[in-house]
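In what follows, a structure is listed as structure tokens, so that the remarks can point back to it.
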Amino acid sequence: MPHKIKIRKGLNIPLKGKAEKILDQSQKQSSLFALKPTDFPSVTPKIVKKEGEAVKAGDIIFYDKYRPEIKFTAPVSGTLKSIVRGERRKILEFIIQPDDNQEYVKFDVENFDTLSKEKVTEILLTSGTWTLIRQRPYDIIANPADNPKAIFISGFDSSPLAPDYDFILNGQEADLQKGIDVLKKLTNGNIHLTVNGAFPVNKVFASLKGIELNTIKGPHPAGNVGIQMHHISPVNKGEVAWHINPQDVVIIGRLFNKGIFDANKIIALTGSEVLKPRYFKTKIGSDIKYMVENNVTTDTHLRYISGNVLTGTKISPDGFLSFYHNQITVIPEGDEYELFGWMLPGFDKFSVSRSFFSWLMPGKEYRMNANLHGGERPFVFSEEYEKVLPMDIYPVHLLKSIIIEDIDQMEALGIYEVGEEDFALCEFVCTSKIPVQSILRKGFDLMIRETS
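Sequence positions in the sequence shown follow this note's numbering and run -17 to 434.
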């Protein structure tokens, strides 16, 4: 039975720079692509291809040392230009220089209706598209040996300056439906697709078969799949649920429609420092240089983010789109000194607590920067987190249990059903400047290490 959910806790951050619903038609294209092992928590890469080797789209570049069935494949054909390493020779990036003419590894997907779950899983693993499916608990790549109780898809993104999936998915109905059909073979449970209840259901979603169509109303993080799971079917100890982004469902659908790993996707270039915020058609792992070149302000130091401002990853101006992201954001770095900033009325500063007079202008959009305005302070109970986290858990208690590595308390306080993005607003409103998301990831790593 479809669920109609309404939440009141949360926060919409009114940033400037939302992408216009215009798909860039310039002939500029990415000159480099990258697979970044750092995009995949709990994965230790083992190299398959060496520097200088030719690859096709769909060729295996590396696999997980501890789960060798989890393979990561090239999004384009070309040459593996370099393997970038960091401290202690940690692998950071596999950089691929694409060919002018793309070649693809062919996968046998004929007679789809007769394919078993095992065969579908094998094709997904071999093609590298299995990595698009993630799981709760721990928000890591799903274990193909599991039988999930349900698969969840969030049909919208409520994060700051988020891309519009209705615009992105328009015209891709056939591949989206095929992707749903593939997912149906992987679970005996429901496939929950949840859309924004504040608007009429888009025809792309309304026409889908094989799903349970739910609605949710409320501020961010209403679009987070973890929040939707919590209100529809929470993940308890011993249970597993999977989730996947709508664009990734389309990529899986194209695999079974065309027999190739076609990594095309549409992303939004957003942020107050972008001159022409709009949408770009690109591929997984593309560089962002051609998108931002001559398209950002030049009078201030900028921060480039793959993803949104709450959960994204800081990258360089010639960096690469992360594997799961559908958005690039550019904001001021905020490293200029401000004299007596706390004494000014702050009409241009957004405040959750009404510390500035900007609360008198509720419809105003803000040019916000990455400045933390202070360092880490004592971690106290203030009920700030509870106001923006629409889940029936105690977030501060959970985080403190992670800090002291109390596994029993972590289990009792709900670590199995949360993800880092669900706590991102807690980090944003935190007056103690606690790195909430990194603490949560340490907790996940501890649980995997101690209980697996």
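Beta carbons are placed, not taken as given, at the ideal position from N, Cα and C, and that holds for glycine.
Helix, strand or coil: how does DSSP classify asparagine 227 here? Note: asparagine 227 maps to coil in three-state DSSP.
Ordered along the chain, which non-local residues of its own chain (more than five positions away) have a Cβ less than 7 Å from that of proline -4? Cβ neighbours of proline -4 beyond the five flanking positions: Phe332, Lys346, Glu347, Tyr348.
Using beta-carbon positions only, say whether threonine 295 and alanine 406 come within less than 8 Å of one another. Taking the C-beta atoms as reference points, alanine 406 is found no nearer than 8 Å to threonine 295.
Residue range of the beta strand (DSSP E) that histidine 307 falls in? Note, histidine 307: premise wrong, no beta strand (DSSP E); not H, not E.
Quick check: the Cα distance between proline 377 and tyrosine 306, rounded to an integer number of angstroms? Between proline 377 and tyrosine 306, the C-alpha separation is close to 25 Å.
What are the partner residues of isoleucine 435, as DSSP defines its beta bridges? The shown model of the chain, from -17 to 434, leaves out residue 435, and the question about it has no answer.
Residues of its chain near glycine 267, where Cβ-Cβ distance is below 7 Å and the 5 sequence neighbours each way are ignored: Once the five neighbours on either side are set aside, the close Cβ partners of glycine 267 are Phe15, Ala16, Leu17, Pro57, Phe302, Leu303, Phe305.
Report the rounded CA-to-CA distance for alanine 39 versus histidine 213, giving the unit in angstroms. Straight-line Cα distance between these residues: approximately 39 Å.
Taking the Cβ atom as the reference point for each residue, do proline 145 and aspartate 139 lie within a distance shorter than 8 Å? Their beta carbons are under 8 Å apart, which means proline 145 touches aspartate 139 by this criterion.
What distance in whole Å lies between the Cβ atoms of leucine 158 and valine 231, which are believed to be in contact at a cut-off of 8 Å? Correct: roughly 6 Å between the Cβ atoms.
Taking its Cβ as the centre, do 16 or more other Cβ atoms sit within 10 Å of isoleucine 385, making it buried, or is it exposed? Residue environment analysis places isoleucine 385 among the exposed positions, since fewer than 16 neighbouring C-beta atoms fall within 10 angstroms of its C-beta.
Beta-carbon contacts of asparagine 277 that lie in its chain and below 8 Å, excluding the five residues immediately before and after: Hits under 8 Å: Leu251, Val256, Leu257, Lys258.
Pop quiz: isoleucine 193 and glycine 179 are said to be a contact at Cβ under 8 Å. What is the actual Cβ separation, rounded to whole angstroms? Not a contact, Cβ separation roughly 16 Å.
What runs of the beta strand (DSSP E), each 3 residues or longer, lie entirely inside the stretch 304 to 383? For the stretch 304 to 383, whole beta strand (DSSP E) runs of length 3 or above, ordered along the chain, are 309 to 314.
What does DSSP give as the partner residues of serine 136 in its beta bridges? Per DSSP, Thr176.
Between isoleucine -11 and alanine 204, which are expected to be in contact by the criterion C-beta below 8 Å, what is the C-beta distance as a whole number of angstroms? Indeed they touch by this definition, with Cβ atoms about 6 Å apart.
Extent of the continuous alpha helix (DSSP H) run through isoleucine 150: Start and end: 147 to 151.
Tell me whether the beta-carbon of valine 46 lies closer than 8 Å to the beta-carbon of threonine 55. In the sequence under discussion, the amino acid at residue 46 is aspartate, which differs from the valine named in the question. Cβ distance not < 8 Å, so aspartate 46 and threonine 55 don't count as in contact.
Look up threonine 207 in the DSSP assignment and give the residues it is bridged to. Residue identity check: residue 207 is valine in the sequence provided, not threonine. DSSP lists no partner for valine 207.
6 Å Cβ shell around glycine 401 - same chain, five flanking residues per side excluded: Cβ neighbours of glycine 401 beyond the five flanking positions: Asp121, Gly208.
Going by other Cβ atoms of all chains shown within 10 Å of its Cβ, with 16 needed for buried, is phenylalanine 134 buried or exposed? Burial call: buried.
From the DSSP output, in three-state form, read off lysine 263 for me. In the displayed model, lysine 263 falls within a strand according to three-state DSSP.
Checking 8 Å against the spacing of the C-beta atoms, do histidine 372 and glycine 200 come in under that value? The amino acid occupying residue 372 in the given sequence is proline; histidine does not appear at that position. The Cβ-Cβ distance between proline 372 and glycine 200 falls below 8 Å.
Quick check for students: name the residue ranges of the alpha helix (DSSP H) that lie wholly in the stretch 86 to 142, counting only runs of 4 or more. Every alpha helix (DSSP H) stretch that sits fully inside the stretch 86 to 142 and reaches 4 residues is listed by chain position as 99 to 109.
Consult DSSP for phenylalanine 405 and reduce its assignment to one of helix, strand or coil. Taken through DSSP and simplified to helix, strand or coil, phenylalanine 405 comes out as helix.
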